[in-house]
Structure formats: C-alpha cells, structure tokens
Amino acid sequence: MQNYCAIIEAILFAWGDTLEIKELGKILELNEKDTKEIINELQEEYKMGNRGIELIKIGTTLQLTTKESAYPYIKKLLPGDQRRSLSRATIETLAIIVYKQPITKSQIEKIRGVKCDKPLSNLIQENLIYEKERLNTIGRPIIYATTEFFLKKFGFENLQDLPDLSSFEEGLYSSKEMK
Numbered sequence: 030m031q032n033y034c035a036i037i038e039a040i041l042f043a044w045g046d047t048l049e050i051k052e053l054g055k056i057l058e059l060n061e062k063d064t065k066e067i068i069n070e071l072q073e074e075y076k077m078g079n080r081g082i083e084l085i086k087i088g089t090t091l092q093l094t095t096k097e098s099a100y101p102y103i104k105k106l107l108p109g110d111q112r113r114s115l116s117r118a119t120i121e122t123l124a125i126i127v128y129k130q131p132i133t134k135s136q137i138e139k140i141r142g143v144k145c146d147k148p149l150s151n152l153i154q155e156n157l158i159y160e161k162e163r164l165n166t167i168g169r170p171i172i173y174a175t176t177e178f179f180l181k182k183f184g185f186e187n188l189q190d191l192p193d194l195s196s197f198e199e200g201l202y203s204s205k206e207m208k
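Numbering-wise, the numbering used here comes out as the position in the sequence shown, counting from 1, plus 29.
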C-alpha cells in the first residue's frame, strides 16, 4: 500500500496554496471517505510531532502552513517590517463585513455612520475581503465578503466557527451599564 500521508504532504508542499479535498482525492484516485481518513491521520501526525508546520483545514480545502511559534524566526527573513497593523476604522469595517456579509458599501457606511472607501481598499489590499458580486439594482453596488485568507489568518475553519455576535452585543451593553 502506498504511503498516502507522504504523498499528500508532498502535494500540499509543492502546491503552496489551499487545495480542495475533492481535488486531492481525484489526484490520489481515492474516494472521499478514504481521502478524509488519510487527512485525519496526517493531521494527527502533525499534532503529535514537534514540527514547524501544520496541516490546516479551511472549509473544504487543506493547506500546509508554518506554525505560529515559528513566526518570530521566519519574520527575520523578511526585508523590513512586512507586517502592518490595521487602523481602527479598518478593523470596524472588517468586523461589520465578517458578521453581516454579504454586504454593500452603503450598508457598511450606514452602520458605521461614516464613509469607508479607505478601509475597504485596505481590506482588499490585505486580501481579507473581496468583491463577491454586484447587485442587480440601480447603480449595481458591489457586495463584499471575507476571503479564505481571512479565515486562515484568524484561525477559523469556516464562518460558523466565529464567536456569536450576540455575545459581543451583551458585553457591549453590560460595559455601558457599568459606567
């Protein structure tokens, strides 16, 4: 029997990006059940071993990535400071998109009460959101949604893994009452 774990590892390493689990099954000529069993076995190997990389699942895709504990060392390879922090306006805009997606710019601006051209531009540039489609209404406004990169960057497998919005609202109201 072939060592499918090693083959999957090699494929994901060479590919470098997310790969659909179904596509991986086709490459290996395995059914979906067997493919998922091998993936689970490989994920366990990564969890048990003391390695600098990990296998992450994002929705219906897989990717090999470096472990967060290795970031300080990898960062030394990058010229200058490649990491930029997001402004408060950009973070607010991202939070609205995350919980209200798909959403238009005018809907975001209505919630925030201010224009959001720059935050949207920054979020697209950082690959955290994308222009999903256009509405078939007057002006054909763009609908925004989060990317797979957003899920990966913030450690979520899918949007259902996000904390419930009501828990934030409860915390917001209770903190206002305390003042």
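Positions of the beta carbon are idealized from the N, C-alpha and C atoms, including for glycine.
Length of the line joining the Cα atoms of residue i and residue j
i    : j    : result
I82  : T166 : 46 Å
R163 : N32  : 46 Å
E38  : K129 : 36 Å
L201 : K182 : With a pLDDT of 47 at L201, under the threshold of 50, the modelled position of that residue is not reliable, and no figure is offered here.
D190 : V127 : 12 Å
L41  : E155 : 23 Å
L53  : Q92  : 11 Å
G78  : Q72  : 10 Å
G184 : G168 : 36 Å
I120 : S195 : 18 Å
Cβ neighbours of residue i in the same chain (closer than 6 Å, five flanking residues each side left out)
i   : result
G45 : none
K96 : G81, E83
Identified DSSP bridge partners for residue i
i    : result
I85  : Q92
I172 : T133, E162
L48  : L91
Contact set for residue i: own chain, Cβ-Cβ below 8 Å, skip 5 residues either direction
i    : result
Y75  : I82, E83, L84
K65  : I50
G88  : E177, L180, E186, N187
V143 : A118
Sub-7 Å separation of residue i and residue j beta-carbons
i    : j    : result
L152 : L123 : yes
T94  : T47  : no
I125 : I103 : no
Sequence-distant residues of its chain with Cβ nearer than 7 Å to residue i (five each side left out)
i   : result
K86 : E186
I56 : I40
The region 129–140 contacting the region 158–173, beta-carbon criterion three pairs below 8 Å: Result yes; three or more Cβ-Cβ pairs closer than 8 Å.
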